[in-house]
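Numbering (the numbering used here), first residue to last: 931 to 1192.
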């Protein structure tokens, strides 16, 4: 896939009266929380592909904000699609994109379970069971015996190496122009270039309630709303896909913003 970095200082402010923008030769697409909805992912990718064919920007960037797994019943297919996106028939256009995958709190749950077995109950209660089923694991049989270590081993054995590599190589954030992309948000009063990865995956109330100029517009998922949440300092694009049927992409061109939805 194409990989063209735009250099942007993390300390530049969003000065009053100046619209936030991305580089003039670039279109940025950011996709919210998918949560195992392969049907919605494919539908939104088709819309993005069609949009990209029409706008003809020389450089196109696609950023996924995390939470690919859990809750919906298609996690296996979602991870397969994303990890092999540029090889998928019908989606060849994405070979010309710079593509970035960010890590959400549900991927953090999943990797923690794979590595240590810790927090298993919390993960399973928050959609992990649907993920295991999507990988072909008979969770009823294992739960009946209460053997979480067997569950962990079965999950690792069922996971293709390519999927594991996908989970191991996720980024925490991405900057494009005046925008900072992250799964959950950022810790207010902490500089963007020294944010804690845990906060970027998990923070909620302290971030959502803050009206401070963060220096960049924060584009995030994690906290669902029926429609995109647009504030002066942030744009939230988790529209609750797994229960609402609405998966959202934010499209940025110069100082313009628009949305694509399923």
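Think of the CB as a built atom: it goes at the ideal place given N, C-alpha and C, for glycine as much as any other residue.
Point to revise | Which of helix, strand or coil DSSP assigns to residue 969 | key: Residue state, collapsed to three classes: helix.
Q) Enumerated in chain order, which unbroken segments of the alpha helix (DSSP H) with a length of 4 residues or greater are wholly contained in the region 1052 to 1117? A) Counting only runs of 4 or more residues that sit fully inside the region 1052 to 1117, the alpha helix (DSSP H) segments are 1059 to 1064, 1069 to 1075, 1078 to 1088, 1091 to 1098, in chain order.
In the DSSP assignment, the alpha helix (DSSP H) including residue 1007 goes from what residue to what residue?
Here the alpha helix (DSSP H) through residue 1007 covers 1005 to 1013.
Q.
In the DSSP output, which residue or residues are listed as bridge partners for residue 964?
A. Beta-bridge pairing links residue 964 to no other residue.
Exercise. Taking the alpha-carbon positions, what's the residue 1182 to residue 1001 distance?
Worked result: Cα to Cα, residue 1182 sits roughly 29 Å from residue 1001.
- Among 1132, 1041, 988, the one whose alpha carbon lies nearest that of residue 1100: Of 1132, 1041, 988, the residue nearest in Cα terms is 1041.
Rounded to whole angstroms, what's the CA-CA distance from residue 1068 to residue 1033? Just pull it up for me. Pairing residue 1068 with residue 1033, the inter-Cα distance amounts to about 27 Å.
Notebook entry, point to check: Could you give the distance in angstroms between the alpha-carbon of residue 1116 and the alpha-carbon of residue 1005?
Noted result: Their Cα atoms are separated by approximately 26 Å.
Notebook entry, point to check: Looking at residue 950 and residue 1160, is the spacing between their C-beta atoms short of 8 Å?
Noted result: Between residue 1160 and residue 950, the C-beta spacing is not below 8 Å.
Cutting at 6 Å between CB atoms, please list the residues of its own chain near residue 1084, excluding the five before and the five after it. Once the five neighbours on either side are set aside, the close Cβ partners of residue 1084 are 1067.
Exercise. Taking just the CA atoms, how far does residue 971 sit from residue 1190?
Worked result: Spanning the two alpha carbons is a distance of roughly 12 Å.
Self-check item: Under the three-state DSSP convention, the category residue 1190 falls into
Solution: Here residue 1190 sits in strand by DSSP.
Report task. Mind listing, in chain order, the continuous beta strand (DSSP E) runs of no fewer than 3 residues lying wholly within the region 1141 to 1192? Result -> Those beta strand (DSSP E) runs which fall completely within the region 1141 to 1192 and span 3+ residues are 1147 to 1150, 1164 to 1166, 1178 to 1183, 1186 to 1191.
- Task: May I have the straight-line CA-CA distance separating residue 1097 from residue 995, to the nearest angstrom?
- Result: About 13 Å.
Hey, how far is the Cα of residue 1059 from the Cα of residue 1178?
-> Roughly 25 Å between the two C-alpha positions.
- [ ] Would you mind sorting residue 1055 into buried or exposed? The rule is 16 or more other CB atoms within 10 Å of its CB.
- [x] It counts as exposed.
Cβ of residue 1110 within 8 Å of Cβ of residue 1094?
Their beta carbons are not under 8 Å apart, which means residue 1110 does not touch residue 1094 by this criterion.
Fill in: 8 Å Cβ shell around residue 1064 - same chain, five flanking residues per side excluded
Cβ neighbours of residue 1064 beyond the five flanking positions: 966, 1003, 1004, 1005, 1006, 1007.
**Item:** Touching by the beta-carbon criterion (3+ pairs, under 8 Å), the region 980 to 989 and the region 1133 to 1140
**Value:** Segments in contact, no.
* According to DSSP, is residue 1137 helix, strand or coil? -> Note: residue 1137 maps to helix in three-state DSSP.
Handout entry: Coarse secondary structure for residue 995, derived from DSSP in three states
Key = Of the three classes helix, strand and coil, the one that applies to residue 995 here is coil, per DSSP.
Do the CB positions of residue 1019 and residue 1092 come within less than 8 Å of each other?
The Cβ atoms of residue 1019 and residue 1092 lie no closer than 8 Å to each other.
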